[in-house]
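Asks: Got a structure for you, questions after.
Number of protein chains: 4
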Amino acid sequence: MDLTKEQLSEIEALRAQSSLTKRACAPQLEEILYEPFPVLDHGFIRVIDYMGDDAAVVQAARVSYGKGTKKVQSDAGLINYLLRHRHTTPFEMCEIKFHVKMPIFVARQWIRHRTANVNEYSARYSIMDKEFYIPAPGQLAAQSQSNRQGRGDVLQGDEAAEVLAMLKQDAETCYSHYEQMLNADADENVLDDSREGLARELARMNLTLNTYTQWYWKIDLHNFMHFLSLRADSHAQYEIRVYAEVMLDMLKKWMPHTYEAFSQYRIGGVHLSAKGADVVRRMLGGEKVTAEESGMSAREYREMLATLNVST
Amino acid sequence: MDLTKEQLSEIEALRAQSSLTKRACAPQLEEILYEPFPVLDHGFIRVIDYMGDDAAVVQAARVSYGKGTKKVQSDAGLINYLLRHRHTTPFEMCEIKFHVKMPIFVARQWIRHRTANVNEYSARYSIMDKEFYIPAPGQLAAQSQSNRQGRGDVLQGDEAAEVLAMLKQDAETCYSHYEQMLNADADENVLDDSREGLARELARMNLTLNTYTQWYWKIDLHNFMHFLSLRADSHAQYEIRVYAEVMLDMLKKWMPHTYEAFSQYRIGGVHLSAKGADVVRRMLGGEKVTAEESGMSAREYREMLATLNVST
Amino acid sequence: MDLTKEQLSEIEALRAQSSLTKRACAPQLEEILYEPFPVLDHGFIRVIDYMGDDAAVVQAARVSYGKGTKKVQSDAGLINYLLRHRHTTPFEMCEIKFHVKMPIFVARQWIRHRTANVNEYSARYSIMDKEFYIPAPGQLAAQSQSNRQGRGDVLQGDEAAEVLAMLKQDAETCYSHYEQMLNADADENVLDDSREGLARELARMNLTLNTYTQWYWKIDLHNFMHFLSLRADSHAQYEIRVYAEVMLDMLKKWMPHTYEAFSQYRIGGVHLSAKGADVVRRMLGGEKVTAEESGMSAREYREMLATLNVST
Amino acid sequence: MDLTKEQLSEIEALRAQSSLTKRACAPQLEEILYEPFPVLDHGFIRVIDYMGDDAAVVQAARVSYGKGTKKVQSDAGLINYLLRHRHTTPFEMCEIKFHVKMPIFVARQWIRHRTANVNEYSARYSIMDKEFYIPAPGQLAAQSQSNRQGRGDVLQGDEAAEVLAMLKQDAETCYSHYEQMLNADADENVLDDSREGLARELARMNLTLNTYTQWYWKIDLHNFMHFLSLRADSHAQYEIRVYAEVMLDMLKKWMPHTYEAFSQYRIGGVHLSAKGADVVRRMLGGEKVTAEESGMSAREYREMLATLNVST
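Printed below as a string of structure tokens:
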């Protein structure tokens, strides 16, 4: 994580300030506000602002239910109920804003979540910093043989060394040519007065996809949990999952009850198809059900049994 | 504006609380937080929460522009620039949440703005309050003869009196039958133990469209300004415009610089079509341009001249 | 279902036309294009246009998977895979447009699905037709005692008769006063030349919520299935569910493979929470698990066992 | 534009097919359906499907206006009216779907338009093709001195030659190392049986941002026009503008009346701020107004006079 002195002192100043507010506050999240949490080799994520807390979810739900919820339930109970029954609108009433620094290929996955607001560093307007993601040796995974979009074993020996060398070398070379084309360095110092320098919006195309970019990213709590359920999942690519995992901790500090409900009903849940549910019903009734009798494809059947710890 | 004792004491408690926060604060908006502002005969609007201030817009823009904006401009200047050039994303980085009470026919217009979050009081779940909108005599306008969706002169005398009487009578009757169908009053007291009472989700269909409903409504600053530009406009129906006008004041307290820029570049601005711009260019060059020569329709031409204070 | 002669002959003309197109076609849906299907007492739904078919979903998925899907799977198999793994973007590549006529209180639920496009009949601009929804006697359900937003037994005898009488009477009276206020009937004939007539945008507030409105409604296939999974569900209010059920048949005609996958993986599926999945694993392993040991609330536990046909 | 033999014969087959449909058809657009239009050195854009035509916009508007529009206006007149008054919903009732191939840095700008549906080629799943964008010599522009995100003069001589050489060399080297890391070529042939090959999701990070990607992109007519108004504008980067210009022609074939209205009221229009409108009013009234008297900033004032062809 590489922050300039300037950035660090700005963060310190923000963290030192404090004002009185009548708004809902999340005390645990306040403690880490603005603070950068390192992710990957040069990335970070920090919470810039938030709106609402667990009680704000409850308050929004009570508007909908009117007099009906007066006596009924505790806050935690109501939050569980809402998540369990997919009553999503009260969770849309809270909002969180992050500052994230990540490699461009990660940003390209991330931006596919459209229900969020984004201000990204503009390489048309400014010069990109010289920072690239180079995987740690333990992350240099081979292509999975069984899953086209997955990873297999970690590469070893010469093959690993060569991959690392190429990644480093190519990123360096491309960046150094980027500066030459611009006729400027990252601090906007002109390199050679006799040349003009290529337009920034053009020169950027020479950078590699592991170059770091950064953005402000704001999202409501409902869509944030949807993002986390996809990106903190074991099928997500490691390089975005590590961001999601840090954000999962931030969710816990922001909204302890909602975090519990989310862990219980989303993250740890299991979805059965119609045929799958039928097989489980028959098994619980004492029947033995073979793959053929299940009506499911062999793969689906196998995956379901694995999920339910049933040996075949 | 009819708030129950319970609601009033809840509001008082919220307004009395205060916490320390490291977040951006908008001091003028803090002063009116939670406070209900009356609109129409029984409606209100109050700010429940907000995220960000003028500086947060600037901060988000500076992420995009990177090093490029270091020296350039004052905050107010940058906000003007952003609004003038329709750089909308920094304005999406702020958020505001309202509690609004309004007649159902107003809510039906309002909900057409889709980029917002809503929790509405549920008439499937709870019993609606006995509150209807009855226009003030000065608002009992006749149908406009020139504009199918506009108002003409205010009705007078008997016609006005009869309209008011019908509105009151029908709302009362429908509500009283609603209670009879439910076999319950607004406080959920059973009326007659020998009857079952119709399901709430059905009984509600007997209410008139001037019955009051309420909701929490949350929106980002960019979409909020879009809402205001349409609904605080003179072509908007009076009954929604009065809400927008109160919110315009709230915007001013929340974001003084953004409010100024919005007044200057959106609210007070004039849009010329390609042909209209051409006519203005010729006129400024000293030419006289007739309606025929303008290439515009007679109506468009007339409207443009009126906007530009040119007499024909 | 009340269509004017004019509308019926327009529909006939549209159904008689045919053009050659190079676009993907859905032959079964073509057969019912423009045709109104009656719903409730005066409502209808008809398909006005569509884009794509099952093959278009597959084609979009193959762009994403590139060379990888060449050999792999049949179209039906790929569609199953996509739905099972919640790969939603290929389903967003198809679109359908409906013309729907429904009571206003149904329209108010429907519009909460924001990811759709809507053009509704404007009561600011035009005079509403004299058509109200009056439930069939078999739908006059009492309020459920166990579920605040549900229905219990059907009302009988005098209570039922009185409810029906009130619904009819109030709708009639309110509409007749609406005409009086407007000083015009539904065909825009002036009633009394000596009066001005109240503005349409005001008079409409006197109508009851069972008055019929209509709109064009366009949605992509992914969001359409989300709508159907909520509104064709047994917890949805009967008056919107009957529309969803007709649309479910239309989906079947439009996209036979997608419809099958949707029935298998969404409609008929079962979701287990983390604790629920744990209980099922233990039961399948031969353990007896009591409610207390499950860690679930008594209600959740009971509901899960009922879903899985396990008697307690 | 590089299409494989396989793709070309698929396109030919699609263009040869034709079915009867009852749906609205756009005859001029049918003629170019599926046909790839070359953009930049290896890119293309082609229309894959569409829903609706000019008449469908009108039809949706007439639902809203009900009886009110019976006599009023021709289709073209109504479309002009709708665009002029920013009645956007009828334009949302039409939809178009494209297949686009473009450099990744262009795709990154493009994806910021969130109200669209996207299926992009997945570099996690498949191997990217060896195709990079190298600007034509006439597009090798220097950085603008006055506009941080603009272009100045075209680079000449040695500087131009060196830039081109670097762009070509770096893209080639990075791609060749990409293949080495993968231990596979673009056709998925293994290069060296003794090695495993890095996971695709990792190897892709070594590619440069001028590598071509492709996607299906679907959008409604309203948001399509918004995209065009920003991206066919002279301030847009050349490399995305050339795509927008081809799409502008496609819009003309699809929707001749809407295209005319769009040219008149959006593309060619001029927006005046409140102060700007005031200055124009005074000038048309015969006053001379200096920059100081205008209340505008010097830059705004200068820009406005230039737009209105007024010499200072």
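Residue numbers (this note's numbering), protein chains in the order written: chain F, 34 to 345; chain U, 34 to 345; chain S, 34 to 345; chain V, 34 to 345. Virtual Cβ for every residue (Gly too), placed ideally from N, Cα, C.
1) Whose CA, out of S:R145, S:T206, S:R332, lies closest to the CA of L240 (chain S)?
2) So with CB distances below 7 Å, who are the chain U contacts of R314 (chain V)?
3) Since A94 (chain F) and P123 (chain F) are thought to touch, with beta carbons under 8 Å apart, how far apart are those beta carbons, to the nearest angstrom?
4) Please work out which residues of its chain come closer than 7 Å, Cβ to Cβ, to T340 (chain V), disregarding the five sequence neighbours upstream and downstream, and give them in chain order.
5) Taking 8 Å as the CB-CB cut-off, is A307 (chain S) touching chain F?
6) Going along the chain, which unbroken runs of the beta strand (DSSP E) with 3 or more residues stay wholly within the stretch 206-275 of chain V?
7) Pairing CB atoms from the stretch 56-72 of chain V with CB atoms from the stretch 200-216 of chain S, are three or more of them under 8 Å?
8) When the Cβ atoms of the stretch 306-318 of chain V are set against those of the stretch 268-283 of chain V, are three or more pairs found closer than 8 Å?
9) Look at Y245 (chain F) and D162 (chain F) and say whether their C-beta atoms are less than 8 Å apart.
10) If you compare alpha carbons, which of F:P71, F:R79, F:H75 is closest to E63 (chain F)?
11) Between the stretch 42-62 of chain S and chain V, which residues of the former have CB atoms less than 9 Å from a CB of the latter, in chain order?
12) Mind listing which residues of the stretch 217-231 of chain F have their C-beta closer than 7 Å to chain V's C-betas, in chain order?
13) Under 8 Å between C-beta atoms, does H304 (chain U) make it to chain V?
14) Helix or strand or just coil, what does DSSP make of R119 (chain U)?
15) I need the straight-line Cα distance from F295 (chain F) to M258 (chain F), nearest angstrom please.
16) Quick one: which chain V residues come within Cβ less than 8 Å of Q297 (chain U)?
17) Does A175 (chain F) come within less than 8 Å of chain V when only Cβ atoms are used?
18) For a minimum of 3 consecutive residues, which ranges assigned as the beta strand (DSSP E) are wholly contained in the stretch 169-210 of chain F?
19) If we cut at 8 Å on Cβ distances, does Y276 (chain F) have a partner in chain V?
20) Compute the distance between the beta-carbons of Q14 (chain S) and L231 (chain U), then report whether it is under 8 Å.
21) Rounded to the nearest angstrom, what separates S330 (chain V) and E43 (chain V) at their Cα positions?
22) Since L111 (chain F) meets chain S, which of its residues come closer than 9 Å, beta carbon to beta carbon?
23) Flag W287 (chain U) as yes if its beta-carbon sits less than 8 Å from any beta-carbon of chain A, otherwise no.
24) Between Y83 (chain S) and M126 (chain V), which are expected to be in contact by the criterion C-beta below 8 Å, what is the C-beta distance as a whole number of angstroms?
25) May I ask you to report which of helix, strand or coil DSSP gives T148 (chain U)?
26) Find the residues of chain S that neighbour L317 (chain F), judging by a C-beta separation of less than 8 Å, and give them in chain order.
27) For S159 (chain V), is the classification buried or exposed, using 16 other Cβ atoms within 10 angstroms of its Cβ as the cut-off for buried?
28) Could you name the residues of chain S that E234 (chain U) contacts, counting a contact when the two beta carbons are closer than 9 Å?
29) Which chain S residues are close to D96 (chain V), counting only those with a beta carbon under 8 Å from its beta carbon?
30) So Y67 (chain V) contacts chain S; which residues on that side make the cut at Cβ distance below 8 Å?
31) Interface residues of chain F around E164 (chain U) at Cβ under 9 Å?
32) Relative to the C-alpha of D108 (chain F), which residue among F:H290, F:E336, F:Q297, F:R299 is closest?
33) How far does the alpha helix (DSSP H) with I44 (chain F) in it extend, from its first residue to its last?
34) In or out: N31 (chain U) buried (at least 16 other Cβ within 10 Å) or exposed?
35) Classify E309 (chain V) as helix, strand or coil using the three-state DSSP reduction.
36) With a cut-off of 8 Å, do at least 3 Cβ pairs link the stretch 36-52 of chain V to the stretch 64-75 of chain V?
Replies: In this structure, then:
1) S:T206
2) L341, N342
3) 4 Å
4) V303
5) yes
6) 245-253
7) no
8) no
9) yes
10) F:R79
11) L47, R48, A49, Q50, S51, S52, L53, T54, K55, R56, A57, C58, P60
12) R228, E229, G230, L231
13) yes
14) coil
15) 8 Å
16) S306, A307, K308
17) yes
18) 174-176, 184-187
19) no
20) An answer regarding residue 14 (chain S) cannot be provided, because it is not within the stretch 34 to 345 covered by chain S.
21) 57 Å
22) Simply none; closest approach about 12 Å.
23) The question asks about chain A, but that chain is absent: this structure's protein chains are F, U, S and V.
24) The Cβ separation is near 13 Å, so there is no contact.
25) coil
26) V313, M316, L317, L341, N342, V343
27) buried
28) F138, A174, Q176, Q182, G183, R184, Q270, Y271, E272
29) The sequence shown places Val at residue 96 (chain V), rather than the Asp named in the question. Chain S residues near V96 (chain V): H132, N152, E153, Y154, Q247, W248, Y249.
30) K55
31) Ordered by position in chain F, no residue passes the 9 Å Cβ test against E164 (chain U), which lies about 13 Å from the chain.
32) F:H290
33) 38-49
34) The structure shown has nothing for residue 31 (chain U), since chain U only spans 34 to 345.
35) In the sequence on display, residue 309 (chain V) carries Gly and not Glu. The answer is helix: DSSP assigns G309 (chain V) an H, G or I state.
36) yes
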